[in-house]
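Undergrad: Just so you know, we're using this note's numbering here: the sequence shown kicks off at 9 and counts up by one. We treat Cβ as the ideally placed atom computed from N, Cα and C, and that holds for glycine.
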Amino acid sequence: MNTNNNVYTVIYTAVIVVIVASLLAFVAAKLGPAQDANAKAETLRQMMSAAGVKPTEELYAAKNAEILDLYASNIQEAYTIGLDGEKNGELSVSKDKIELVSKLKPQHKAILSEGEATLPVYIFKSGKAVIPVYGAGLWGPVWGYIALQPDLHTIAGAFFDHESETPGLGAKIKDEPWFREKFTGKTVEWGDSPAFRLEKNAEATGATNAVDAITGATMTSKGLNEALNVWFNAYEKHFGVGALFHMLEEHEAETTPNAEEE
9 MNTNNNVYTV
19 IYTAVIVVIV
29 ASLLAFVAAK
39 LGPAQDANAK
49 AETLRQMMSA
59 AGVKPTEELY
69 AAKNAEILDL
79 YASNIQEAYT
89 IGLDGEKNGE
99 LSVSKDKIEL
109 VSKLKPQHKA
119 ILSEGEATLP
129 VYIFKSGKAV
139 IPVYGAGLWG
149 PVWGYIALQP
159 DLHTIAGAFF
169 DHESETPGLG
179 AKIKDEPWFR
189 EKFTGKTVEW
199 GDSPAFRLEK
209 NAEATGATNA
219 VDAITGATMT
229 SKGLNEALNV
239 WFNAYEKHFG
249 VGALFHMLEE
259 HEAETTPNAE
269 EE
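(1) Between Ala218, Gly224, Glu244, Tyr243, which lies nearest to asparagine 233 when the distance is taken from Cα to Cα?
(2) Are phenylalanine 132 and tyrosine 153 touching if we call contact CB-CB under 7 Å?
(3) Locate the beta strand (DSSP E) running through phenylalanine 132, then write down its first and last residues.
(4) Output the boundary residues of the alpha helix (DSSP H) element that contains tryptophan 239.
(5) Buried or exposed: where does valine 150 fall if 16 or more other Cβ atoms within 10 Å of its Cβ makes it buried?
(6) Please list the terminal residues of the continuous beta strand (DSSP E) segment that includes glutamine 84.
(7) Please name the residue or residues paired with alanine 144 in a DSSP beta bridge.
(8) Which residues share a DSSP beta bridge with threonine 97?
(9) With 16 other CB atoms within 10 Å as the buried threshold, where does lysine 95 fall?
(10) Please report the straight-line C-alpha distance between alanine 80 and valine 141, rounded to a whole angstrom.
(11) State the start and end residues of the unbroken beta strand (DSSP E) segment that holds alanine 215.
(12) At what residues does the beta strand (DSSP E) containing leucine 206 begin and finish?
(13) In terms of residues, what are the limits of the beta strand (DSSP E) holding phenylalanine 168?
(14) Could you tell me the distance, in whole angstroms, from the CA atom of lysine 117 to the CA atom of tryptophan 186?
(15) Answer with buried or exposed for glutamine 43, where buried requires no fewer than 16 other C-beta atoms within 10 angstroms of its C-beta.
(16) Report yes if the C-beta distance between serine 82 and valine 61 is below 7 Å; otherwise report no.
(17) Taking contact to mean 3 or more Cβ pairs, one atom from each stretch, closer than 8 Å, check whether the segment 46-60 and the segment 204-214 are in contact.
(18) Pull up the CB-CB distance for asparagine 72 and alanine 49, whole angstroms please, since I reckon it's below 8 Å.
(19) With 16 other CB atoms within 10 Å as the buried threshold, where does isoleucine 119 fall?
(20) Are glycine 231 and glycine 143 closer than 7 Å when you measure CB to CB?
(21) In whole angstroms, give me the CA-to-CA distance for valine 129 and leucine 206.
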């Protein structure tokens, strides 16, 4: 075959493309399950760090299989809710079939557009409820998990992460334990606007729902503050004042005599 003609060039290029595509598909098929397992274990580490199941350092030293065992033995139930505050799904907590809502970006878009959302709620045997938050930092997404005490008002713990915030500045939301520890004991003021404040000198006000922003990381702090409040607002009907009114309405309906019975 004449290697200098156009037909040879086209055939050669097509063969190379097919070979490369096949190799990429093979590698993806081999690495996919391992990557999924790592991503699931990472999400569980972050959730359990916020819930105080074990110290963060121990969680990150544990193997993936140990993390699955630890979660399965400490979780009570997990489910999803819509923006109306009502349950719209169950998440398996069985060790062999742990289900999570780990892709938070689509849910964030659903919240902002007031669309169909499936927002996760993870209830641990300690009585703590863990929910996610997600938003935009300076250079990319920021997210985290907030654990609420059984009163659903007091923050029991927090864990934050990011994709590409500046080391030594915005990256402190994950790297510095003192930052996330500031959230412990603070409150979420459901129904207020804002429900929480992560701002410069916010703690000086004496408010229980305030934490000082990170010095030198204005945009990251602003993004995380917005993420907290957008997601707290999304959960307000399930945990906050709206949930209380709903509970009272249900109680009234249960205790009001039926007209036919009268």
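TA: So, from the listed chains and residues:
(1) Ala218
(2) no
(3) 127-132
(4) 226-247
(5) buried
(6) Membership of glutamine 84 in the beta strand (DSSP E) is indicated by the continuous run 83-89.
(7) Pro149
(8) The sequence shown places glycine at residue 97, rather than the threonine named in the question. Partner(s): Thr88.
(9) exposed
(10) About 22 Å.
(11) No beta strand (DSSP E) contains alanine 215, which DSSP labels as neither H nor E.
(12) 205-207
(13) 163-170
(14) Using only the alpha carbons, I get a separation of about 30 Å.
(15) exposed
(16) The question names serine, yet the displayed sequence has asparagine at residue 82. Yes, the pair counts as a contact, with Cβ atoms nearer than the cut-off.
(17) No, the segment 46-60 is not in contact with the segment 204-214.
(18) 4 Å
(19) buried
(20) In this structure, glycine 231 places its C-beta atom within 7 Å of the C-beta atom of glycine 143.
(21) Spanning the two alpha carbons is a distance of roughly 23 Å.
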